[in-house]
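The structure appears right after this line, and notes come after that.
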Amino acid sequence: MLPIPMYCSNCGELLYGYRNDEGKIKYECKRCGTIAV
463 MLPIPMYCSN CGELLYGYRN DEGKIKYECK RCGTIAV
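Number 499 marks the last residue of the sequence shown (my numbering); no jumps.
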């Protein structure tokens with residue numbers, strides 16, 4: 463699987479997420495703790 467880059471909507475940190483079996487991508491920011499789906 464390829465990592466998918468995205469910026470945190472809260473603090474702007476560059477994140478990498480992976481697509482799951484349902485096609486959703488989940489990100490968790492290590493800097494501020496925000497979780498995005």
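Backbone N, C-alpha and C define an ideal beta-carbon position, used for all residues, glycine too. None of these values were measured; they are calculated from a predicted model.
Roughly how many angstroms lie between the CA atoms of residue 499 and residue 473, to the nearest whole one?
The C-alpha of residue 499 lies about 16 Å from the C-alpha of residue 473.
Which two residues bound the contiguous beta strand (DSSP E) that contains residue 467?
Start and end: 466 to 469.
Given residue 494, which residues of its chain have a CB within under 8 Å of its CB, disregarding the five upstream and five downstream residues?
Around residue 494: 470, 472, 473 and 475.
Just list the residues that DSSP pairs residue 481 with in beta bridges.
Answer is 487, bridged to residue 481.
Alpha-carbon spacing of residue 483 relative to residue 492, whole angstroms
The alpha-carbon atoms of residue 483 and residue 492 are separated by roughly 23 Å.
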